[in-house]
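Participant: Counting from 21, one number per residue, gives the positions in the sequence shown under the working numbering. C-beta: ideal position from N, C-alpha, C; glycine also.
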Amino acid sequence: MASFEITPIGTVHNDRTDIQHTDNWGAVRSTIVVDERFGDACLQGLEDFSHVEVLFVFDRFEDAGDYREPRPYRGRQDLPPVGIFAGRGPRRPNRIGVTCCAIESVQGRSLTVLGLDAVTGTPVIDLKPTMTEFLPANVKQPHWVSEVMAQYFQP
Numbered sequence: 021m022a023s024f025e026i027t028p029i030g031t032v033h034n035d036r037t038d039i040q041h042t043d044n045w046g047a048v049r050s051t052i053v054v055d056e057r058f059g060d061a062c063l064q065g066l067e068d069f070s071h072v073e074v075l076f077v078f079d080r081f082e083d084a085g086d087y088r089e090p091r092p093y094r095g096r097q098d099l100p101p102v103g104i105f106a107g108r109g110p111r112r113p114n115r116i117g118v119t120c121c122a123i124e125s126v127q128g129r130s131l132t133v134l135g136l137d138a139v140t141g142t143p144v145i146d147l148k149p150t151m152t153e154f155l156p157a158n159v160k161q162p163h164w165v166s167e168v169m170a171q172y173f174q175p
């Protein structure tokens, strides 16, 4: 397969620095500062949306290497093993994260959001407004996921 290079479009700024602290992201306020090469009007119109999808890179995690064998979710032996593409964790082949965040404010090249699960300094690779037409209906997931993730977006 061909490889390609991605250049970040901006950077996350917030109070979270510990990549091992994986829960309680709901009240985290982050400001994404978009690179000046996009100009001061690059976010114009985004303020009319309630949410934005933030694509970012888990840049502080090492490549996990061999992804062929299913592993227990979050490393917990009490959970079933899942393949690499059946989880949302940071140890992924391309270390790309994506989170749908509530928009708090848009000012020039600065976008402030709530609930972004990325630590300060994280490179952002894209922003996409959340549109109803792109949201799935009738989402299904294993029962244990709701139990494990119950604290993830709690304040």
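Quick one: give me the first and last residue of the beta strand (DSSP E) that E167 is part of.
Facilitator: From DSSP, E167 is part of no beta strand (DSSP E) but of the alpha helix (DSSP H) over H163 to V168.
Participant: Relative to the C-alpha of C121, which residue among T31, F24 and T132 is closest?
Facilitator: Its Cα nearest to that of C121, the residue T132 stands out among T31, F24 and T132.
Participant: Just to confirm, is the Cβ distance from N44 to T140 under 8 Å?
Facilitator: no
Participant: May I ask you to report which of helix, strand or coil DSSP gives G95?
Facilitator: helix
Participant: Are the Cβ atoms of D60 and G30 separated by less than 8 Å?
Facilitator: Their beta carbons are not under 8 Å apart, which means D60 does not touch G30 by this criterion.
Participant: Can you name, in chain order, every residue of its own chain whose Cβ lies under 6 Å from the Cβ of A47, other than the five neighbours on each side?
Facilitator: P175
Participant: What distance in whole Å lies between the Cβ atoms of L136 and S50, which are believed to be in contact at a cut-off of 8 Å?
Facilitator: About 4 Å separates the two Cβ atoms, so the contact holds.
Participant: Alpha carbon to alpha carbon, how far is G85 from V144?
Facilitator: 23 Å
Participant: Looking only at its chain, what residues have a beta carbon closer than 8 Å to the beta carbon of L155, apart from the 5 residues adjacent to it on each side?
Facilitator: none
Participant: On a CA-only basis, which of T119, G103 and R96 is nearest P149? Give me that one, please.
Facilitator: T119
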